[in-house]
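One structure is given here, and the rest of the page talks about it.
Chains as they are written, first to last, in the numbering used here: chain A, 1 to 390; chain B, 391 to 780.
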């Protein structure tokens, strides 16, 4: 592949031809770029607005246990493998970037507000325990011993002590600093087709934008998220991540040292970024039902993002069918932050060694069959909708 | 009074010495200035940030009937007198400014969600009817004939056909245009004491800031307000202003042609401008209880403002005790928009004729006794808190 084959819109012409071009400067793209650069590769990351995607909205829960759902056994394995890499990954990144990630290991409390909520939650915990995952049921008194701010009427819960958290709004700039310090070049400007970039290997880490670039079945799944702030500048009145069922509503509360509490999230099969009155009402009501003191918190942000969803809720990791030089690293859906270390390491290893780690086997792009004709040849014209991925 | 008496911080020195200096460029101050200028007076309005006060947050209900509360007979008379002036005032201002005010005469529906809500509301309507005000009780079916989007479980209501609305965010720029076209000068910069301005007559229309300038008992009363928007760019699914009681919560819904719906408002005895999770939850819950389709609306703004409250909830209109050259026009609390025409006309008339209209008698500053020594002499030093009025 040489510079002469580039389309007119190409942005990587000239004397610098990278080994790896990464499309998308979210956490997945930046972490892959960093890991590749550390391994000695020349890397360019293309994004018109780095860090403006789903990760900016995300809460940053690292929760393979609480996110282990029925029928998603292979995904659970990947989540667990990635969560196990998080402590070392966080330490290395903190050191490389000289920045605090807001990485916290206080654990997660799973709670059910009503008897019905508890019954629904318990069914899932039973499944998770059956997988050998560390979920410890707790009586209401034990819950409130750990978090006195929980509503007195919470009927029961469980502790997932190994489900941690990181602050995506600290993670993103840290990854960018680490990548740039390792020699990665950030290239502004939208990538509208694969032929817009030039490198020996192209990694498509463009979240929902991967659909237009690759034809892969990635669809936007809207999520609305609130950010509260403890009054008076102090820390929130609780330390654990709280994941609850409140009168049938699922909600999570993620406390940060800064005083911020992230409240999320809706899961909606639509692509707009509008904040709706109904979603804010549902999230606030469930949050306050579980933790009454939140009525006194400031409401400082309401925001919507688009998760890159896939037909089986699992990410898409590996070469496109018929294009061994184009690797997908997308479709992370609700799991982009927790899956960042394992995605970055396995994709970087694949590029360096040419051999896929067995962990990747269930997540290759070819599990969805051949991609549409024309997509991988670079002749595809994006629609207005597709152009909006960034 | 001559230029030589001005303090060092004075901003009106030089050849132009106005007849009237107005402190505060909210609707009250701007309307007084406009009315004075139309009567041939030279007017300067002082404000570091015109239009940034309570009116920017206000919904703009012109509701002397729905706002006629027990024990506020004299205020009700002033509200009614001002509302009667609104049609001519709106027509004249629309013409003078060449701008649409969003003035609408669709009327107001008063509704009670539960039997308890209806009982509480009915007691007030009975009082209002006893005053001869036009309140017409309606059965649930009659309510829904007028507004099919009301919740089916609304237990009853009433029509206040003469309670109208205007858009304060259109009113403010229109008043500024009309005032400037009539020759009014807007002077930027904060006024920290009365001696900072120079004119034959000074009008203090500084909202909550009047307390620091005059010593009058004006206190901030916080109000939190939401703005929703009908989805798809259309108009809201209802035409009337809705004022409701929903499980003990008072809420109003003000629909605009633009698609906006204003949802308000809390009444809180505090001065901060923080938006709280609890207030947003209460307002959204009550709004959706009364008008379920609002769950589908966008939540486009959450905002808090400070109303200038007084000990008897009535405005303060007229000369300060011992200072016939300083007129107060403040303390309008929840009624600043509806009271704008009568305030502007009566204060302008007082300045021109020297004779107070009998309507002003119940609202003079001296009803609170003498103001503190030092205030009216201009020697007072403002505190940091007081400086924040603008």
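Note that beta-carbon positions come from the ideal geometry of N, C-alpha and C, so glycine has one too.
Which of helix, strand or coil DSSP assigns to residue i
i: residue 267 of chain A; result: coil
i: residue 466 of chain B; result: helix
i: residue 706 of chain B; result: strand
i: residue 717 of chain B; result: strand
i: residue 667 of chain B; result: helix
i: residue 284 of chain A; result: helix
i: residue 298 of chain A; result: strand
i: residue 335 of chain A; result: helix
i: residue 151 of chain A; result: coil
i: residue 435 of chain B; result: strand
i: residue 410 of chain B; result: strand
i: residue 9 of chain A; result: Residue placement at residue 9 of chain A is flagged as unreliable, the pLDDT there being 35, under the threshold of 50; a coordinate-derived value is accordingly withheld.
i: residue 371 of chain A; result: coil
Cβ separation of residue i and residue j, assumed to be a contact under 8 Å, to the nearest whole Å
i: residue 407 of chain A; j: residue 92 of chain A; result: Because chain A here runs from 1 to 390, residue 407 of chain A falls outside it and cannot be looked at.
i: residue 590 of chain B; j: residue 625 of chain B; result: Rounded, the Cβ-Cβ distance is 48 Å, inconsistent with contact.
i: residue 24 of chain A; j: residue 209 of chain A; result: 7 Å
i: residue 207 of chain A; j: residue 26 of chain A; result: 6 Å
i: residue 523 of chain B; j: residue 455 of chain B; result: 5 Å
i: residue 204 of chain A; j: residue 329 of chain A; result: 7 Å
i: residue 19 of chain A; j: residue 42 of chain A; result: 5 Å
i: residue 676 of chain B; j: residue 639 of chain B; result: 4 Å
i: residue 559 of chain B; j: residue 722 of chain B; result: Between residue 722 of chain B and residue 559 of chain B the Cβ distance is about 17 Å, and since that is not below 8 Å, they are no contact.
i: residue 198 of chain A; j: residue 21 of chain A; result: 7 Å
i: residue 297 of chain A; j: residue 667 of chain B; result: 5 Å
i: residue 392 of chain A; j: residue 182 of chain A; result: No statement about residue 392 of chain A is possible, as the shown extent of chain A runs from 1 to 390 and does not include it.
i: residue 371 of chain A; j: residue 214 of chain A; result: 6 Å
i: residue 283 of chain A; j: residue 263 of chain A; result: 5 Å
i: residue 671 of chain B; j: residue 254 of chain A; result: 19 Å between Cβ atoms; not a contact.
i: residue 499 of chain B; j: residue 536 of chain B; result: 6 Å
i: residue 497 of chain B; j: residue 549 of chain B; result: 6 Å
i: residue 216 of chain A; j: residue 365 of chain A; result: 6 Å
i: residue 338 of chain A; j: residue 62 of chain A; result: 5 Å
i: residue 271 of chain A; j: residue 220 of chain A; result: 4 Å
For residue i: DSSP bridge partner residues
i: residue 699 of chain B; result: B:609
i: residue 108 of chain A; result: A:160, A:241
i: residue 652 of chain B; result: B:617, B:644
i: residue 137 of chain A; result: A:158
i: residue 303 of chain A; result: A:225
i: residue 129 of chain A; result: According to DSSP, which records beta bridges pairwise, residue 129 of chain A is partnered with nothing at all.
Residue ranges of each beta strand (DSSP E) run of no fewer than 3 residues wholly in the stretch 570-650 of chain B, ordered along the chain? Segments of the beta strand (DSSP E) lying fully in the stretch 570-650 of chain B: 575-577, 591-594, 609-619, 631-636, 639-645.
Restricting to runs no shorter than 3 residues, where is the beta strand (DSSP E) found entirely within the stretch 48-92 of chain A? Whole beta strand (DSSP E) segments, 3+ residues: zero.
If you pair each beta-carbon of the stretch 691-701 of chain B with each one of the stretch 602-616 of chain B, do three or more pairs fall below 8 Å? Result yes; three or more Cβ-Cβ pairs closer than 8 Å.
Kindly confirm or deny that the stretch 44-55 of chain A and the stretch 226-243 of chain A touch, where touching means at least three C-beta pairs closer than 8 Å. Flag = no, the stretch 44-55 of chain A and the stretch 226-243 of chain A do not touch.
For the 8 Å Cβ check, are there 3 or more pairs between the stretch 483-497 of chain B and the stretch 557-569 of chain B? Judged by Cβ distances under 8 Å, the stretch 483-497 of chain B makes contact with the stretch 557-569 of chain B, as three or more pairs qualify.
Does the stretch 331-348 of chain A come within contact of the stretch 306-322 of chain A, defined as at least 3 CB pairs closer than 8 Å? The stretch 331-348 of chain A is in contact with the stretch 306-322 of chain A.
Answer yes if the stretch 493-506 of chain B comes into contact with the stretch 539-556 of chain B, meaning at least three C-beta pairs across the two stretches below 8 Å, and no otherwise. The answer is yes - the stretch 493-506 of chain B touches the stretch 539-556 of chain B, with three or more Cβ pairs under 8 Å.
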